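**Student:** Going by the UniProt record's numbering, the residue at position 35 of the sequence shown is 35; the numbering climbs one at a time, nothing skipped. All C-beta atoms in this analysis are idealised placements derived from N, C-alpha and C, irrespective of residue type, glycine included. Note that this is a predicted model, so its numbers are computed, not measured. I'd like to ask some things about the structure below.
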Amino acid sequence: KVKDNQRAKKDRRTRKTKKMVGTMAKIDDSVKKKVPELRFPGFTDDWEERKLGEHAKYRRGSFPQPYGNKEWYDGEGAMPFVQVVDVTNKLTLVENTKQKISKLAQSKSVFVPKGTVVVTLQGSIGRVAITQYDSFVDRTLLIFEDYRKRN
1 KVKDNQRAKK DRRTRKTKKM VGTMAKIDDS VKKKVPELRF PGFTDDWEER
51 KLGEHAKYRR GSFPQPYGNK EWYDGEGAMP FVQVVDVTNK LTLVENTKQK
101 ISKLAQSKSV FVPKGTVVVT LQGSIGRVAI TQYDSFVDRT LLIFEDYRKR
151 N
């Protein structure tokens, strides 16, 4: 019975792996052809490869080291400090950030005004939020500061 359970688990893993490999192959083929298999309505042209820097100015957030130094957190004048954990999967930040950055640490971090687009780079990679309040941003997030019109 133990061997049957192990065999069944192995078979499930094999099926999942084959399915994933098939999906990756389809994506790879789409990229090579520059025509995606799945399309948004109204889009018919080939893909154009472009660099993100052609469309937007971006940078990472920052925070003074060492991370655990109590001087960097809370106190008078402390402000929201956005980390990956504060970015929801609904294009927003949590109402109250887990940490507040101290007045002393603010000059060593990156300020973003309300309405700034941020993207997580670690942990829950790729979550996007539009900030609902002024805050400082951790190095685990990418900050979009400026957008360029395409010619």
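So, with DSSP's three-state summary, where would you put residue 176?
**Tutor:** No answer is possible for residue 176: the residues shown for the chain start at 1 and end at 151.
**Student:** Helix or strand or just coil, what does DSSP make of valine 117?
**Tutor:** Working through the sequence shown from its first residue, we reach residue 117 at position 117. Strand at valine 117.
**Student:** Taking just the CA atoms, how far does aspartate 45 sit from aspartate 134?
**Tutor:** Within the sequence shown, residue 134 is the residue found at index 134, counting from 1. Within the sequence shown, residue 45 is the residue found at index 45, counting from 1. Taking the straight line from one Cα to the other gives about 39 angstroms.
**Student:** Let's test the definition: count the other Cβ atoms within 10 Å of the Cβ of serine 109 and tell me whether it reaches 16, buried, or not, exposed.
**Tutor:** Position 109 of the sequence shown holds residue 109. The residue in question, serine 109, is buried, as its Cβ has 16 or more Cβ neighbours within 10 Å.
**Student:** Looking only at DSSP bridge pairs, what is aspartate 146 linked to?
**Tutor:** Residue numbering aside, residue 146 sits at position 146 when the sequence shown is read from its first letter. Per DSSP, Lys57.
**Student:** Applying the 10 Å Cβ sphere with the 16-neighbour rule, what's the burial state of threonine 17?
**Tutor:** Walking along the sequence shown from the start, residue 17 turns up at place 17. By the 10 Å Cβ count, threonine 17 comes out exposed.
**Student:** Could you give the DSSP three-state label for alanine 129: helix, strand or coil?
**Tutor:** Residue mapping note: residue 129 aligns to position 129 of the sequence shown, counting from 1. Here alanine 129 sits in strand by DSSP.
**Student:** To which residues of the same chain is arginine 139 closer than 7 angstroms at the C-beta, ignoring the five residues directly before and after it?
**Tutor:** The residue labelled residue 139 in the question sits at position 139 within the sequence shown. Excluding sequence neighbours, arginine 139 sits near Arg60, Gly61, Ser62 and Phe63.
**Student:** Between which two residues does the alpha helix (DSSP H) containing glutamine 122 stretch?
**Tutor:** The residue given as residue 122 occupies position 122 in the sequence shown. It is not in any alpha helix (DSSP H) - glutamine 122 carries neither H nor E in the DSSP assignment.
**Student:** Below 8 angstroms on the Cβ atoms is my guess for leucine 141 versus valine 84; work out the distance and round it to an integer in Å.
**Tutor:** Taking the first residue of the sequence shown as 1, we reach residue 141 at position 141. Taking the first residue of the sequence shown as 1, we reach residue 84 at position 84. Leucine 141 to valine 84, Cβ: 7 angstroms. Contact.
**Student:** Using a Cβ distance threshold of 8 angstroms, determine whether the stretch 116-125 contacts the stretch 76-90, with at least three qualifying pairs required.
**Tutor:** Verdict: yes, contact present.
**Student:** Just to confirm before moving on: does the CB-CB distance between glutamine 106 and glycine 68 stay below 9 angstroms?
**Tutor:** The residue labelled residue 106 in the question sits at position 106 within the sequence shown. The residue labelled residue 68 in the question sits at position 68 within the sequence shown. The answer is no: Cβ separation not under 9 angstroms.
**Student:** Quick one: Cα of glycine 42 to Cα of glutamate 48, how far?
**Tutor:** As a position in the sequence shown, residue 42 is number 42, starting the count at 1. As a position in the sequence shown, residue 48 is number 48, starting the count at 1. Approximately 16 angstroms, taken between the alpha carbons.
**Student:** In the DSSP assignment, the beta strand (DSSP E) including lysine 100 goes from what residue to what residue?
**Tutor:** By 1-based counting over the sequence shown, the position of residue 100 is 100. Per DSSP, lysine 100 belongs to the beta strand (DSSP E) from 99-101.
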